[in-house]
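Presented below is the structure to which this report refers.
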Amino acid sequence: MVAPPDNDVLWARSLHYSHDGSPGLVGVSVAVRQGEVLAVTGPRGSGKTTLLRCLSGHLAPEQGEVWFNSVPVHTLGAPARERLRRDRFGWIGPEPRLLPELKVWENAALPLLLTGASHRAAKHAADEWLERLDIGAFARKRPSALTRAECQRVALARALAGGPEVVFADEPAAPLHRAERTLLLRALTTAARSHGITVVLATHDEETAAVADRRTALLDGRPASAAEALADGSSAAPDSPAPETNEDQDACSLSA
7 MVAPPDNDVL WARSLHYSHD GSPGLVGVSV AVRQGEVLAV TGPRGSGKTT LLRCLSGHLA
67 PEQGEVWFNS VPVHTLGAPA RERLRRDRFG WIGPEPRLLP ELKVWENAAL PLLLTGASHR
127 AAKHAADEWL ERLDIGAFAR KRPSALTRAE CQRVALARAL AGGPEVVFAD EPAAPLHRAE
187 RTLLLRALTT AARSHGITVV LATHDEETAA VADRRTALLD GRPASAAEAL ADGSSAAPDS
247 PAPETNEDQD ACSLSA
């Protein structure tokens, strides 16, 4: 077992995972630097969500290594992985998954409350992020009073309120209209860059991927280059890392 480079906050090597015998990941390797926004791209069913779930400790890979800073996530038991997700990671998916019986601020504060933070501190952090995301006026409303786009911004506030080191964003803007999608992604990337938060963003959408600093592509659960080589009948190694594209992105203007 080899520790990752010091400047990589997340590092994974040769990940394998299967779903009921069907391959979900086959030899996927990835590295993410501190404060970087990395887009994991590929069509639906290419393994993007499975990769994010392995990197975040939701799933334990069947083979391979996952490191978060100096912590070998792949060796941790389920309780330790749950604590890591609760204390160090944030997650936002395509569905807001807000609790309808809780007010908006309570939904945003929930991760902090679960860690034992005081009611006052959790509410302050939640209100702060709701204001930054331009939904502070809805703090005392129930989710049923909000639009889908507003609920998704509450979900983003919830992912950020606990001060995570890494946010995993799995198609967070997929269900939104273009203008709403742009606003959500701008809020996510601006908040990440202003607070030094690393973001791993899974998407099949080119415009969404364009907000990232760098991207890595999957196809059929493999690095795209390996999948294409396999389809062509060449001898490329399946564990080769996915190709990466460096892109300089302009800082978004939304205040965070």
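Residue numbers (the working numbering): 7 to 262. A virtual CB, placed ideally from N, CA and C, is assigned to each residue, including glycine.
Under 8 Å: do the segment 62 to 74 and the segment 17 to 24 share three or more Cβ pairs, one atom per stretch?
Touching, yes.
Between the segment 76 to 83 and the segment 104 to 115, are three or more C-beta pairs nearer than 8 Å?
Touching, no.
What are the boundary residues of the alpha helix (DSSP H) that V110 is part of?
Its alpha helix (DSSP H) spans residues V110 to L120.
Minimum C-alpha distance to R199 - residue among E186, E177 and L166
Of the candidates E186, E177 and L166, L166 places its Cα closest to the Cα of R199.
Segment limits, beta strand (DSSP E) that includes V36
Per DSSP, the continuous beta strand (DSSP E) segment holding V36 begins and ends at S28 to R39.
Could you pull the DSSP bridge partners for G96 from this structure?
Answer is V173, bridged to G96.
Look up E134 in the DSSP assignment and say whether it is helix, strand or coil.
Reduced to three states, the DSSP call for E134 is helix.
Runs of alpha helix (DSSP H) lying entirely within the segment 48 to 110, each at least 4 residues, in chain order:
List check, alpha helix (DSSP H) in window: 54 to 61 and 84 to 94.
Collapsed DSSP secondary structure at T209 in the structure displayed:
In the three-state scheme derived from DSSP, where H, G and I count as helix and E and B as strand, T209 is classed as strand.
Could you give the residue range of the beta strand (DSSP E) that holds S24?
First-last of the beta strand (DSSP E) with S24: D14 to H25.
The alpha helix (DSSP H) enclosing T222, as first and last residue numbers
Run containing T222: none in the alpha helix (DSSP H); it sits in the beta strand (DSSP E), R220 to L225.
Starting from H201, follow the alpha helix (DSSP H) in both directions and report where the run begins and ends.
R184 to H201 is the span of the alpha helix (DSSP H), which, as asked, contains H201.
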